[in-house]
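Residue numbers (mature numbering (1 follows the signal peptide of the UniProt record, and there is no 0)): -16 to -1, 1 to 330.
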């Protein structure tokens, strides 16, 4: 893994001048960490507008950043015991739950016994101490995280290709969904099937959980009943758009807008793609051969009046997948990028 200097987090580069890619949505770089910092993995947004970002390799930390500040400066919430943080979700107003584990980027795997869920309560303290609430001893590689309700969480297991449910009141966990569309692909150098997962906004009786699969290159959805159990088989709901003839585009985590369109990070595609409810996929921002959005891992929408139409993407800066420009490999620091999608109908 990486060697990180904690104090270097506070000395990153800030570029707030708007930049226009060849695509329609306008973007600007909110913050860029020093290159040594590594990989921003996931993101959630507080009601006050602050971004909460998990990370791989910044020892057991949750990164906090106000994207609307004149000079955004990150701070850290520590105390997770493990080296890495992954999925994150808000369960009650200003109360978040985070997956923490010992993750290896070299093997793309998690140390057995370290798949855990932690509670981080900002409702009474802007610098809270994380509290471990569950250990999923039978899980192999917890990745994305979402809430079925405020007491039951759903976590993607990228290695087993299943969805784990965890009852926060009892600490009990069980497999809530197990489907072929969630499985990793056999014969690969590492296993990473189901990745991000979120419920599509809907007024239907049954909730629909949608997910990405990073090795099958798909967007899938499956219905859940009122007992947090899957109903029937998952359906194929979309595939990534190839970029400049490059078909090896995989979706990582994503965010839904109020209309049910997903905005998915493409990792090696160095872009964000929209996935409509009828399965169409197209690039919203970024470019295969640009460091504008270098290896994005997750997205989330702003929550204030100033940025409700802004989609924030967090990136790995090309750490594992360098950006190829004119035949040369390029990397940046991990980035926080703002994408203005408010003026467009997706």
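Heads up, the beta-carbon is just placed ideally off N, CA and C, and yes, glycines get one too.
What do you get for residue i, buried or exposed, if any count of 16 or more other CB atoms within 10 angstroms of its CB means buried?
{"i": "residue 16", "result": "buried"}
{"i": "residue 171", "result": "exposed"}
{"i": "residue 154", "result": "exposed"}
{"i": "residue 240", "result": "buried"}
{"i": "residue 292", "result": "exposed"}
{"i": "residue 331", "result": "The first residue shown for the chain is -16 and the last is 330, placing residue 331 beyond what the model contains."}
{"i": "residue 312", "result": "exposed"}
{"i": "residue 310", "result": "exposed"}
{"i": "residue 141", "result": "buried"}
{"i": "residue 23", "result": "buried"}
{"i": "residue 182", "result": "buried"}
{"i": "residue 190", "result": "exposed"}
{"i": "residue 109", "result": "exposed"}
{"i": "residue 300", "result": "buried"}
{"i": "residue 77", "result": "exposed"}
{"i": "residue 212", "result": "buried"}
{"i": "residue 46", "result": "buried"}
{"i": "residue 200", "result": "buried"}
{"i": "residue 68", "result": "buried"}
{"i": "residue 220", "result": "exposed"}
Cα-Cα, which of the options is closest to residue i?
{"i": "residue 49", "options": "42, 41, 59, 40", "result": "59"}
{"i": "residue 335", "options": "271, 275, 276, 237", "result": "No answer is possible for residue 335: the residues shown for the chain start at -16 and end at 330."}
{"i": "residue 224", "options": "184, 10, 252", "result": "252"}
{"i": "residue 26", "options": "66, 280, 325", "result": "280"}
{"i": "residue 202", "options": "264, 213, 143", "result": "264"}
{"i": "residue 65", "options": "83, 56, 53", "result": "83"}
{"i": "residue 216", "options": "63, 324, 163, 158", "result": "163"}
{"i": "residue 55", "options": "28, 71, 93, 13", "result": "13"}
{"i": "residue 11", "options": "30, 36, 142, 298", "result": "298"}
{"i": "residue 44", "options": "30, 51, 243, 71", "result": "71"}
{"i": "residue 272", "options": "249, 23, 323, 286", "result": "249"}
{"i": "residue 167", "options": "242, 119, 94, 196", "result": "196"}
{"i": "residue 194", "options": "324, 179, 188", "result": "179"}
{"i": "residue 320", "options": "32, 161, 39", "result": "39"}
{"i": "residue 29", "options": "284, 289, 316, 324", "result": "284"}
{"i": "residue 269", "options": "324, 79, 126", "result": "324"}
{"i": "residue 79", "options": "290, 133, 41", "result": "133"}
{"i": "residue 210", "options": "229, 220, 188, 200", "result": "188"}
{"i": "residue 53", "options": "32, 42, 69, 232", "result": "32"}
With a Cβ-Cβ cutoff of 9 Å, do residue i and residue j count as a contact?
{"i": "residue 73", "j": "residue 131", "result": "yes"}
{"i": "residue 63", "j": "residue 113", "result": "yes"}
{"i": "residue 137", "j": "residue 75", "result": "yes"}
{"i": "residue 36", "j": "residue 51", "result": "no"}
{"i": "residue 295", "j": "residue 318", "result": "no"}
{"i": "residue 198", "j": "residue 234", "result": "yes"}
{"i": "residue 121", "j": "residue 103", "result": "no"}
In the DSSP assignment, what residue or residues form a beta bridge with residue i?
{"i": "residue 233", "result": "In DSSP, residue 233 forms no bridge with anything."}
{"i": "residue 116", "result": "102"}
{"i": "residue 212", "result": "Paired residue(s): none; residue 212 is not in a bridge."}
{"i": "residue 37", "result": "27, 47"}
{"i": "residue 219", "result": "205"}
{"i": "residue 263", "result": "According to DSSP, residue 263 bridges with nothing at all."}
Beta-carbon within less than 7 Å of residue i's beta-carbon, same chain only, minus the 5 sequence neighbours each way: which residues are those?
{"i": "residue 111", "result": "61"}
{"i": "residue 144", "result": "124"}
{"i": "residue 331", "result": "Any question about residue 331 goes unanswered here, given that the chain covers just -16 to 330."}
{"i": "residue 146", "result": "159, 161, 162, 166"}
By Cβ distance, which residues of its chain are closer than 6 Å to residue i, with the 5 residues on each side in sequence left out?
{"i": "residue 165", "result": "204, 218"}
{"i": "residue 135", "result": "152, 153"}
{"i": "residue 307", "result": "254, 275, 278, 314"}
{"i": "residue 91", "result": "none"}
{"i": "residue 174", "result": "92"}
{"i": "residue 222", "result": "203, 259, 263, 265"}
{"i": "residue 100", "result": "84, 116, 119"}
{"i": "residue 95", "result": "86"}
When you measure from the CB of residue i to every non-hydrogen atom of the ligand SAM, does any distance come out below 8 Å?
{"i": "residue 154", "result": "The model depicted lacks the ligand SAM and carries no ligand whatsoever."}
Skipping 5 residues on each side, what residues in its chain have a beta carbon closer than 8 Å to that of residue i?
{"i": "residue 186", "result": "192, 244"}
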